[in-house]
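The number in our numbering is simply the position in the sequence shown, starting from 1, with 170 added.
Even for Gly, the Cβ is constructed at its ideal location relative to N, Cα and C.
Comments concern the structure below.
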Amino acid sequence: MKLALELAKRGEGRVNPNPLVGAVIVKDGRVIGQGWHREFGGLHAERNAFADCGEPARGATLYVTLEPCCHYGKTPPCTEAILAHNVGRVVIGSKDRNPLVAGRGVSILREHGVTVTEGVLERECDDLNRVFFHYIEKKRPYVVMKYAMTMDGKIATVTGKSRWITGDAARERVHLDRNRYTAIMAGVGTVLSDDPMLNCRVENGRNPVRIICDTALRTPLESNIVATAKEIPTILATCRTEEEKIEPYRDMACTVVSLPKKDGHVDLTALTEELGKREIDSVLLEGGGTLNEAALRAGIVNRIQTYIAPKIFGGAAAPTPVGGAGVDAPDKAYRLLPVEIQRIGEDILLESEVVSCLPES
Ligand code: AOF
Ligand code: ZN
Numbered sequence: 171m172k173l174a175l176e177l178a179k180r181g182e183g184r185v186n187p188n189p190l191v192g193a194v195i196v197k198d199g200r201v202i203g204q205g206w207h208r209e210f211g212g213l214h215a216e217r218n219a220f221a222d223c224g225e226p227a228r229g230a231t232l233y234v235t236l237e238p239c240c241h242y243g244k245t246p247p248c249t250e251a252i253l254a255h256n257v258g259r260v261v262i263g264s265k266d267r268n269p270l271v272a273g274r275g276v277s278i279l280r281e282h283g284v285t286v287t288e289g290v291l292e293r294e295c296d297d298l299n300r301v302f303f304h305y306i307e308k309k310r311p312y313v314v315m316k317y318a319m320t321m322d323g324k325i326a327t328v329t330g331k332s333r334w335i336t337g338d339a340a341r342e343r344v345h346l347d348r349n350r351y352t353a354i355m356a357g358v359g360t361v362l363s364d365d366p367m368l369n370c371r372v373e374n375g376r377n378p379v380r381i382i383c384d385t386a387l388r389t390p391l392e393s394n395i396v397a398t399a400k401e402i403p404t405i406l407a408t409c410r411t412e413e414e415k416i417e418p419y420r421d422m423a424c425t426v427v428s429l430p431k432k433d434g435h436v437d438l439t440a441l442t443e444e445l446g447k448r449e450i451d452s453v454l455l456e457g458g459g460t461l462n463e464a465a466l467r468a469g470i471v472n473r474i475q476t477y478i479a480p481k482i483f484g485g486a487a488a489p490t491p492v493g494g495a496g497v498d499a500p501d502k503a504y505r506l507l508p509v510e511i512q513r514i515g516e517d518i519l520l521e522s523e524v525v526s527c528l529p530e531s
């Protein structure tokens, strides 16, 4: 199963909004076939593993990180392939929460006399597909709020300069995440101050869809984002609706989505629903303090990634990761699960799931 998990990760950035899945076929103590889901719409991991077998899989054991499917989707059911190859046993990591599968894959195999073992390395397999499970259940993207700060909690100096806070290794890791998640989201403030590309700079990586929260549509037509919208899908989320205001951006290949206003900004709940309809299963939120606070308050943030650099900026007015009015008592804090900690070069990365995005009343 560990090998199957490693294989599954090879699909990162290529299978969304479908799951990452790996499969290994073992016979007489030997691995005789391996496969993973390589790209969206392509063959499932199980079928790729059968195709890789140099000998018949009759009586073998199939290890697969996700319950095999039993429905006709873009591909035929994997349960049929498993039965056709006369596999003796199937060992499964995660249950599939896709309502089209949801336990039926296991039942069909058992009904046909296949021995099924469930829940092997289940936590690891579930963690691998956090995005898929969230998206298939909620039909909205899984949102990861990412920011880098100094040890005194500043995301820029008093003069607004933030390049760079973390070292090379941490910045490389951010680009891996830009490949892993389908979209990247920032506020218009970031476009106006940094004129960024918000692309993915890893070898064989793919660029995330860029989403700019731009209430009043102030993104400059000559910005890097707009200039490269023909090559990299770009969505401007705005409260403006006038055709003459929107048209120049459309002419430059930007997708302009007009949404209702909430608390003076684009309604982020409405935005995530719209992104879900567009099959965007995950968003890396690289906002400033205003957008981050609005996202937390809207309850759309699932995970927080905090890079901490061994530096101090100081300055009472230097910006911090989450702005707004803030909560007025510690017991009203946004609550997070216990933190996972990693060292990345000279920096550290803290990651945590958001338990409750709404301050307790
Ligand atoms: C995958 N890859 O390796 C497995 C999946 O539309 P389809 O035919 O690609 O089916 C997608 C569903 O199949 C998906 O939502 C999940 O429930 C199930 N298993 N999907 O893309 C795989 N094993
Ligand atoms: Zn399948």
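- Ile478 and Ala397 have their alpha carbons spaced roughly 32 angstroms apart.
- Asp501 counts as exposed, since fewer than 16 other beta carbons sit within 10 angstroms of its beta carbon.
- Contact annotation: the stretch 235-247 touches the stretch 260-279, with at least three C-beta pairs closer than 8 angstroms.
- Secondary structure within the stretch 355-438: the alpha helix (DSSP H) runs of 4 or more consecutive residues, fully enclosed, are 358-364, 394-397, 413-421 (chain order).
- Scanning Gly258, Cys383, Asp296, Ala251 for the CA closest to the CA of Asp266 turns up Asp296.
- In the structure shown, Ile278 falls within a helical segment according to DSSP collapsed to helix, strand and coil.
- In the structure shown, Leu291 falls within a coil segment according to DSSP collapsed to helix, strand and coil.
- Residue pairing for Ala353: DSSP places it in a beta bridge opposite Val379, Val453.
- In the DSSP assignment, Ile518 is bridged to Ile478, Arg513.
- In the same chain as Asn188, and ignoring 5 residues on each side of it, the C-beta atoms closer than 6 angstroms to its own belong to Phe210, in chain order.
- Here Lys447 is exposed: its Cβ has fewer than 16 other Cβ atoms, across all protein chains shown, within 10 Å.
- Per DSSP, reduced to three states, the secondary structure at Thr320 is strand.
- Along the length of the stretch 236-263, whole alpha helix (DSSP H) runs at least 4 residues long occupy 248-254, reported in chain order.
- Shown in chain order are the residues whose CB sits closer than 6 angstroms to a heavy atom of the ligand ZN: His214, Glu216, Pro238, Cys239, Cys248.
- A heavy atom of the ligand AOF is found nearer than 7 angstroms to the CB of Lys244.
- In the structure shown, Gly446 adopts helical secondary structure according to DSSP, grouped into three states.
- Pairing Leu445 with Pro311 gives a Cβ-Cβ distance under 8 angstroms.
- Here DSSP, grouped into helix, strand and coil, assigns Arg333 to coil.
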